[in-house]
Amino acid sequence: RKEVEQDPGPFNVPEGATVAFNCTYSNSASQSFFWYRQDCRKEPKLLMSVYSSGNEDGRFTAQLNRASQYISLLIRDSKLSDSATYLCVVTADRGSTLGRLYFGRGTQLTVWP
Amino acid sequence: AAGVIQSPRHLIKEKRETATLKCYPIPRHDTVYWYQQGPGQDPQFLISFYEKMQSDKGSIPDRFSAQQFSDYHSELNMSSLELGDSALYFCASSRTVSTQPSYNEQFFGPGTRLTVL
């Protein structure tokens, strides 16, 4: 079983729509949580770190539920430039594997005009 | 702001040849990670270095080796290349390895696309 599970989509939404992505992780002791975006054939780019209290960055809101081992990303007022694959990422808890990133398979988003 | 630099960006090799990939981390980042991303796959962790010492090892074949040098750049050496090694190879760097989430934020280079014929 993968460390991180995501709905692969695809999600196809019109400009201006609100879209939400979810993922679950299997290691209850995971420490750090992130959302990355990846455009086709390019490197993953850090979108947001996800903190226990939840955090917001402009049109993007991330939530973490440690009890349910669940992470979400909400995108409001979608733009054409938001079209990408969104990767849910967690790190190991401690010890020698601290820092290693575990990726979900990604959720593909297409925003159409 | 300076980003992670990787070279070469593209590499074409024949089976059984060797390849060396280079990575230059963001200045003042002391931890380097290598990931492999096959077609349609998510990135898989290979190996990492902290302060020039190997800190963690993932699903890296024995045919591959890596090191981090005194200037913190890292090289991934791949020998006896196989067709299945064709992939995107990403290097990422972070400030350090820590239980503090912000320190574990990893920034990726543009990748090296390796094609083995």
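From first to last, the protein sequence lines stand for chains V and F. Residue numbers for the first sequence follow the working numbering, beginning at 728 and rising by one. Residue numbers for the second sequence follow the working numbering, beginning at 9 and rising by one. Just so it is clear, CB atoms sit at the ideal spot from N, CA and C, and this is done for glycine as well. Fair warning: this is a prediction, and the values are worked out from it, not measured in the lab.
1) What three-state label does DSSP hand F/N112 in the structure shown?
2) Out of V/N739, V/W762 and V/F738, point me to the one whose CA is closest to V/G831's CA.
3) Between V/D784 and F/G48, what straight-line distance do the alpha-carbon atoms span, to the nearest angstrom?
4) Exposed or buried, V/F760, counting other C-beta atoms within 10 Å across all chains shown (16 or more means buried)?
5) Measuring only the C-alpha atoms, how far is V/S810 from V/C767?
6) Helix, strand or coil: which one does DSSP assign to F/D93?
7) Quick check on F/D50: does DSSP put it in helix, strand or coil?
8) Determine the closest residue to V/G826 out of F/S56, F/P118 and F/C99, with distance taken between C-alpha atoms.
9) So which of V/F748, V/K729, V/S753 and V/D734 has the shortest CA-CA distance to V/S795?
10) Checking the sheet assignment: what are the DSSP bridge partners for V/N739?
11) Following the continuous beta strand (DSSP E) through V/Q776, name the residue where it begins and the one where it ends.
12) Thinking just about the alpha-carbon of each residue, which of V/T837, V/T818 and V/L836 is nearest to the one in V/L828?
13) Roughly how many whole angstroms lie between the Cα atoms of F/K21 and F/S94?
14) Which residues in chain V have a C-beta closer than 7 Å to the C-beta of F/Q114? List them in chain order.
15) What three-state label does DSSP hand V/D784 in the structure shown?
16) Is it true that the stretch 61-69 of chain F meets the stretch 9-20 of chain F, where meeting means three or more beta-carbon pairs spaced less than 8 Å apart?
17) Answer yes or no: does any C-beta atom of chain F fall closer than 8 Å to that of V/T818?
Working from what's here:
1) To locate residue 112 of chain F, count along the second sequence from 1; it is residue 104. Under the three-state reduction of DSSP output, F/N112 falls in the helix class.
2) Along the first sequence, read from residue 1 onward, the residue named residue 831 of chain V stands at position 104. Considering only alpha carbons, the answer is V/W762.
3) Here residue 784 of chain V corresponds to residue number 57 of the first sequence, with the count starting at 1. Here residue 48 of chain F corresponds to residue number 40 of the second sequence, with the count starting at 1. Taking the straight line joining both Cα atoms gives about 29 Å.
4) The sequence position of residue 760 of chain V within the first sequence is 33, counting from 1. With 16 or more other Cβ atoms within 10 Å, it is buried.
5) Mapped onto the first sequence, residue 810 of chain V falls at position 83. Mapped onto the first sequence, residue 767 of chain V falls at position 40. V/S810 and V/C767 have their alpha carbons spaced roughly 10 Å apart.
6) Within the second sequence, numbered from 1, the residue matching residue 93 of chain F stands at position 85. In the three-state reduction of the DSSP assignment, F/D93 falls in the helix class, which pools H, G and I.
7) By one-based count along the second sequence, residue 50 of chain F stands at place 42. Secondary structure of F/D50 (DSSP, three-state): coil.
8) Within the first sequence, the letter at position 99 stands for residue 826 of chain V. Of the candidates F/S56, F/P118 and F/C99, the one whose C-alpha sits nearest the C-alpha of V/G826 is F/S56.
9) Translated into positions along the first sequence, residue 795 of chain V becomes position 68. Measuring from the Cα of V/S795, the nearest candidate turns out to be V/S753.
10) Mapped onto the first sequence, residue 739 of chain V falls at position 12. V/N739 pairs with V/T837.
11) What you label residue 776 of chain V is simply residue 49 of the first sequence in a count that begins at 1. Per the sequence shown, the amino acid found at residue 776 of chain V is Ser instead of Gln. First-last of the beta strand (DSSP E) with V/S776: K772 to V777.
12) The count along the first sequence starts at 1 and reaches residue 828 of chain V at position 101. Looking at the Cα atoms, V/T818 is the closest of the given residues.
13) Within the second sequence, numbered from 1, the residue matching residue 21 of chain F stands at position 13. Within the second sequence, numbered from 1, the residue matching residue 94 of chain F stands at position 86. Spanning the two alpha carbons is a distance of roughly 9 Å.
14) In the second sequence, residue 114 of chain F corresponds to position 106, counting from 1. Residues of chain V with a Cβ closer than 7 Å to the Cβ of F/Q114 are, in chain order, L828.
15) Against the first sequence, residue 784 of chain V aligns to sequence position 57. Strand at V/D784.
16) Contact check between the stretch 61-69 of chain F and the stretch 9-20 of chain F: fewer than three CB pairs, one atom from each, fall below 8 Å, which does not count as touching.
17) For the purposes of this step, residue 818 of chain V is taken as the residue at position 91 of the first sequence. The Cβ of V/T818 sits closer than 8 Å to at least one Cβ of chain F.
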